[in-house]
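For reference, the structure is listed below as structure tokens.
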Amino acid sequence: AQSVTQLDSQVPVFEEAPVELRCNYSSSVSVYLFWYVQYPNQGLQLLLKYLSGSTLVKGINGFEAEFNKSQTSFHLRKPSVHISDTAEYFCAVSDQRGGSEKLVFGKGTKLTVNP
Amino acid sequence: DTGVSQDPRHKITKRGQNVTFRCDPISEHNRLYWYRQTLGQGPEFLTYFQNEAQLEKSRLLSDRFSAERPKGSFSTLEIQRTEQGDSAMYLCASRGGPSTEAFFGQGTRLTVV
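Those sequence lines, one after another, are chains Y and W.
Residue 17 in this note's numbering sits at position 17 of the first sequence; the count goes up by one each step and never skips.
Residue 1027 in this note's numbering sits at position 27 of the second sequence; the count goes up by one each step and never skips.
This is the structure in structure tokens:
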């Protein structure tokens, strides 16, 4: 079984500051990794995903994430945030073998960007 | 195709009533998922269909919950004898394969009073 831990439930930052949202996962098999963003009263939108290959993955809205297999981490970063980045961010994993195709989500990190 | 559609967006019901939600996935996606999300939590997996076959169900899906995808297109999620603890956002997602992006609908917010 897989599990995802998002280490910070809330992250407040000032506009134009860098941000890192941390995600660690636990799995006995190889996994695909995803970051999703959720704006209030909306569904989830994919920011980026890691399937294989380069461990640095670039996504939409200037976000990127780095897969670290030895530390089982997939931290999300942005060098300079905007007010519009205020939202909840979810890290998720799914089994690469396809045996169980569900996405397992962390509890989320609420990013608040202040002016 | 306008993405994943869920209906209704909001539902208020009295405890003990039955409710049914509908999800229309992206048409070429054969995989469909239901999730439940409560305040301050991430989405929790409920069940998964590949075409019309229900391949996995979470232990969260009690006997009061049932989901169908009769023709491998739209899906319904029914909750019988609703309880206050069922109040949550119910999210539907679809995807074309295990490594592809899951597209989410905007959810149905259920309030049981």
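Don't be surprised by glycine CBs; every beta carbon is placed ideally from N, CA and C.
Between the Cα of Val110 (chain Y) and the Cα atoms of Y:Arg22, Y:Val4, Y:Ser52, Y:Ala17, which residue gives the shortest distance? Residue identity check: residue 110 (chain Y) is Lys in the sequence provided, not Val. Nearest C-alpha to Lys110 (chain Y): Y:Arg22.
Between which two residues does the beta strand (DSSP E) carrying Arg1059 (chain W) extend? Per DSSP, Arg1059 (chain W) belongs to no beta strand (DSSP E) and is neither H nor E.
In the DSSP assignment, the beta strand (DSSP E) including Arg1009 (chain W) goes from what residue to what residue? Premise fails: Arg1009 (chain W) is in no beta strand (DSSP E) and is neither H nor E.
How many angstroms separate the CA atom of Arg1126 (chain W) from the CA atom of Phe1065 (chain W)? Not covered by the structure: residue 1126 (chain W). The range shown for chain W is 1001 to 1113.
Identify the residues that DSSP records as bridge partners of His75 (chain Y): which are they? Answer by DSSP bridge pairing, in chain order: Y:Glu66.
What does the Cβ neighbour count give for Tyr39 (chain Y), buried or exposed, with the cut at 16 atoms within 10 Å? Exposed, by the Cβ-count rule.
Would a check of beta-carbon distances place Lys58 (chain Y) closer than 8 Å to chain W? At a cut-off of 8 Å, the C-beta of Lys58 (chain Y) has no neighbouring C-beta in chain W.
Within 8 Å (strictly less), CB to CB, does Tyr89 (chain Y) reach chain W? No - not a single Cβ of chain W is within 8 Å of the one on Tyr89 (chain Y).
Contacting residues, own chain, Cβ-Cβ under 8 Å from Thr1013 (chain W) (five flanking each side not counted): The answer, listed in chain order, is Val1019, Thr1082, Leu1110, Thr1111, Val1112, Val1113.
For the candidate residues W:Ser1062, W:Lys1071, W:Tyr1035, whose alpha-carbon lies nearest to that of Ile1079 (chain W)? Comparing Cα positions, the closest option is W:Ser1062.
Name the DSSP beta bridge partners of Glu20 (chain Y), please? Partner(s): Y:Arg77.
Which chain W residues sit within Cβ distance under 7 Å of Gly43 (chain Y)? The answer, in chain order, is Leu1091, Phe1104, Gly1105, Gln1106, Gly1107.
So Ser3 (chain Y) is in the beta strand (DSSP E); what residue range does that whole segment cover? Here the beta strand (DSSP E) through Ser3 (chain Y) covers 3-6.
So is the beta-carbon of Arg1009 (chain W) under 7 Å away from any non-hydrogen atom of the ligand MG? For the ligand MG, the structure offers nothing, since it holds no ligand at all.
Inspect the CB distances between the stretch 1091-1100 of chain W and the stretch 53-73 of chain Y and report whether three or more fall short of 8 Å. Contact between the stretch 1091-1100 of chain W and the stretch 53-73 of chain Y is absent, because fewer than three Cβ pairs lie under 8 Å.
Buried or exposed for Pro1070 (chain W), please, with buried defined as at least 16 other CB atoms from any protein chain shown within 10 angstroms of its CB. By the neighbour-count rule (16 or more Cβ atoms within 10 Å), Pro1070 (chain W) is not buried but exposed.
What does Ser73 (chain Y) touch in chain W if you count any residue whose Cβ is under 9 Å from its own? Using a Cβ-Cβ cut-off of 9 Å, Ser73 (chain Y) is close to nothing in chain W; its nearest Cβ partner there is about 17 Å away.
Between the beta-carbon of Gly1105 (chain W) and the beta-carbon of Cys1092 (chain W), is there less than 8 Å? Going by C-beta atoms, Gly1105 (chain W) is nearer than 8 Å to Cys1092 (chain W).
Count the other CB atoms, across all protein chains shown, that sit within 10 Å of the CB of Leu7 (chain Y); report buried if there are 16 or more and exposed otherwise. Exposed is the call here.
Taking Arg1009 (chain W) as the reference, which of Y:Ala65, Y:Gly43, Y:Leu47, Y:Leu76 has the closest Cα? Per the Cα distances, Y:Gly43.
Secondary structure of Asn61 (chain Y), DSSP reduced to three states: Of the three classes helix, strand and coil, the one that applies to Asn61 (chain Y) here is helix, per DSSP.
By the 7 Å beta-carbon criterion, what residues does the stretch 1017-1037 of chain W contribute toward chain Y? Per Cβ criterion, the list reads Arg1031, Tyr1033.
Who are Ile1079 (chain W)'s beta bridge partners in DSSP? Note: Ile1079 (chain W) sits in a beta bridge opposite W:Val1019, W:Phe1065.
Can the beta-carbon of Val113 (chain Y) be found less than 8 Å from the beta-carbon of His75 (chain Y)? Going by C-beta atoms, Val113 (chain Y) is not nearer than 8 Å to His75 (chain Y).
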